[in-house]
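Novice: Protein chains in written order, with my numbering: chain A, 43 to 205; chain B, 43 to 205; chain C, 43 to 205.
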Amino acid sequence: MSGWDRETAWLVGQAQAEYARCIDADELERWPDFFAEKCFYTVTTADNLREGLAAGLIWADTKGMLLDRVSALREANIYERHSYRHLLGRPLPCPAEHTDPPDEPRTETPFLVVRIMRDGTSSVFASGRYLDRWALSGSAPKLAERVVVCDSKRIDTLLALPL
Amino acid sequence: MSGWDRETAWLVGQAQAEYARCIDADELERWPDFFAEKCFYTVTTADNLREGLAAGLIWADTKGMLLDRVSALREANIYERHSYRHLLGRPLPCPAEHTDPPDEPRTETPFLVVRIMRDGTSSVFASGRYLDRWALSGSAPKLAERVVVCDSKRIDTLLALPL
Amino acid sequence: MSGWDRETAWLVGQAQAEYARCIDADELERWPDFFAEKCFYTVTTADNLREGLAAGLIWADTKGMLLDRVSALREANIYERHSYRHLLGRPLPCPAEHTDPPDEPRTETPFLVVRIMRDGTSSVFASGRYLDRWALSGSAPKLAERVVVCDSKRIDTLLALPL
């Protein structure tokens, strides 16, 4: 499996839907499984992205760091206080960068996340786009890289669920 | 047609999109047509689901009960006071329960419903997921079962449009 | 390429996703490229639609008029004050009108647009449906017609980004 075709588009969309379901169902312990062994995850804003990824609000470049984040959330019991509902648009292929391996296509995918608080109130928590790079060597696509670019500069991800 | 494959995924997504269009276009009289002769429909919350389906806010196990609900809405003229806009995610197949016939696959699909009041104000009315079981024996998939699981415990469906 | 089939559905969905990305990425100068040479674009409300398209809030029947609108937005610098995030549903085919050429199928597609202000606040700006007619003669589908039907009567598109 390499490059971008209709089949890859389907599998990537499927993996993204399952990623969203995992978080929305509060199965955070499975969340790192959507990433490749060598991976990069960050949450940033459109404004910050222009200044470079280092300014990301959340930042992880190993699966261990993703697991640590889940542990921190569980210990803080923050997961009891709210849940998310992700709605995703269609993944669009991005032009490959010349450093990308040919079997790691990049996609851009719009998202919207509604946050539901324990008292029952709902609101648009975040909108933005996923900038993903996909490792396609296994049976299902894995995230080699996910850069979550939030549209708003007001995004408080401290002790929040992953996006 | 049986089980879950790419073709079924397409047809189920199509049926779900048409179901949503039917309600959003205020063509409620056609709404029961999306269900199989023998059907079950309920609206519940994630909290209630843990305690069992009997606690559903709306509950119907015949097409006649679905039609009754539409009649009640029409008589109450509630349909003049607001409209919905559904946005749906991708349907994901669920593991079959051992009681399921093999030609009735189950899916889980995230949804978001915006409610538009007659005065022009819009808000996120509900988010959640559809837990569906599909009867695939005819030309188009029909709902043998739809359990609407709302994320929020604050969901007022009394005399409201179906989800 | 003519009529409506699975392949057309895919291509139309792709074109719609790219149209949305173009606007959300503030690449408005490319926006008219999604339209056919002979085109029609209007933004209206469900209420106005019943009274006829002439009541549209925005109205263009040449690519030149679309370009003029982009120029006006750029000169007003309005594009600095907010951005959009589009979420689209699945395009459903509409019955052809007898005046339609057979290679220009019509679709209906639900949408939701979140507006993000420069101060960071987000809200549901608009929901509704796209009523599109597609020119399929080229390599990618082009909009021969897009009627944006907003659900709410409260829609302020004066000097706003296109939907």
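Every residue, glycine too, gets a C-beta built ideally from N, C-alpha and C.
Around the Cβ of A182(C), are there at least 16 other Cβ atoms within 10 angstroms (buried) or fewer (exposed)?
Specialist: Exposed: under 16 other Cβ atoms inside 10 Å.
Novice: According to DSSP, is S113(A) part of a helix, a strand, or is it coil?
Specialist: It is helical.
Novice: Compare the C-alpha of C136(B) against each of T87(B), S179(B), P147(B) and E93(B) and name the closest.
Specialist: Of T87(B), S179(B), P147(B) and E93(B), the residue nearest in Cα terms is P147(B).
Novice: Is A186(A) near C81(A), with beta carbons less than 7 Å apart?
Specialist: Yes, these two residues count as a Cβ contact at 7 Å.
Novice: Against chain A, with Cβ distances strictly below 7 Å, would G131(B) count as a contact?
Specialist: Yes, its Cβ sits closer than 7 Å to a Cβ of chain A.
Novice: Please list the partners that G170(C) has in chain B, where partner means a Cβ-to-Cβ separation under 8 Å.
Specialist: Residues of chain B passing the Cβ test: R127.
Novice: Is the beta carbon of V191(A) sitting closer than 7 Å to the one on L91(A)?
Specialist: Taking 7 Å as the Cβ cut-off, V191(A) and L91(A) qualify as a contacting pair.
Novice: I need the DSSP call for D193(C), collapsed to helix, strand or coil.
Specialist: DSSP places D193(C) in coil when its eight states are reduced to three.
Novice: Expressed to the nearest angstrom, what Euclidean distance is found between the alpha-carbon atoms of A62(A) and H140(C)?
Specialist: When rounded, the distance between both Cα atoms is 43 Å.
Novice: For G170(C), report the span of its alpha helix (DSSP H) as first-last.
Specialist: No alpha helix (DSSP H) holds G170(C); the beta strand (DSSP E) holding it covers S164 to A177.
Novice: Closer than 7 Å, Cβ to any Cβ of chain C: which residues of the segment 189 to 200 of chain A, in chain order?
Specialist: For the segment 189 to 200 of chain A, which is checked against every Cβ of chain C, the residues closer than 7 Å are D193, S194, K195 and R196.
Novice: Under 7 Å, Cβ to Cβ, is there at least one residue of chain A near V85(C)?
Specialist: No, no contact with chain A.
Novice: Using three-state DSSP, classify A67(A) as helix, strand or coil.
Specialist: If DSSP states are grouped into helix, strand and coil, A67(A) belongs with coil.
Novice: Looking at chain A, which residues of the segment 52 to 76 of chain C have a Cβ within less than 9 Å of any of its Cβ atoms?
Specialist: Residues passing the 9 Å Cβ filter: W52, G55, Q56, Q58, A59, E60, A62, R63, D66 and A67.
Novice: Go through its chain and collect everything with a Cβ distance to L205(A)'s Cβ below 7 Å, but skip five positions before and after it.
Specialist: V85, V155, A168 and V190, listed in sequence order.
Novice: Taking DSSP's pairing of strands, which residues face L78(C) in a bridge?
Specialist: Checking the sequence shown, residue 78(C) turns out to be Ala, not Leu. Beta-bridge pairing links A78(C) to no other residue.
Novice: Going by DSSP, which residues form a beta bridge with Y83(C)?
Specialist: A102(C) and R188(C), per the DSSP bridge assignment.
Novice: Checking contacts by CB at 7 Å: is V166(A) closer than that to chain C?
Specialist: Yes, its Cβ sits closer than 7 Å to a Cβ of chain C.
Novice: Any beta-carbon of chain A closer than 7 Å to the one on I158(C)?
Specialist: Chain A contact via Cβ: present.
Novice: Please report the distance separating the alpha-carbon of R171(A) from that of R48(A).
Specialist: Taking the straight line joining both Cα atoms gives about 21 Å.
Novice: Closest by CA to L173(C), which one among R116(C), S164(C), W73(C) and R132(C)?
Specialist: The residue with the shortest Cα to Cα distance from L173(C) is R132(C).
Novice: Please confirm whether G94(A) has its beta-carbon closer than 7 Å to some beta-carbon of chain B.
Specialist: For G94(A), the answer is no, since every Cβ of chain B falls outside 7 Å of its Cβ.
Novice: Would you list the residues sitting across from E49(A) in a DSSP beta bridge?
Specialist: In the DSSP output, where bridge partners are listed per residue, E49(A) has none listed.
Novice: Between the alpha carbons of I12(B) and L115(B), how many angstroms are there, rounded?
Specialist: Limits of chain B in this structure are 43 at one end and 205 at the other, which puts residue 12(B) out of reach.
Novice: Whether or not the segment 96 to 112 of chain A and the segment 123 to 132 of chain B are in contact is what I'm after, with contact meaning three or more pairs of Cβ atoms, one per stretch, closer than 8 Å; do they touch?
Specialist: Taking 8 Å as the limit for Cβ pairs, the verdict is that the segment 96 to 112 of chain A does not touch the segment 123 to 132 of chain B.
Novice: Would you kindly work out how many angstroms separate the C-alpha atoms of Q58(A) and V54(C), rounded to a whole number?
Specialist: Those two C-alpha atoms are separated by around 21 Å.
Novice: I think R160(C) touches R123(C), with their Cβ atoms under 8 Å apart; what is that distance to the nearest whole Å?
Specialist: Rounded, the Cβ-Cβ distance is 6 Å, consistent with contact.
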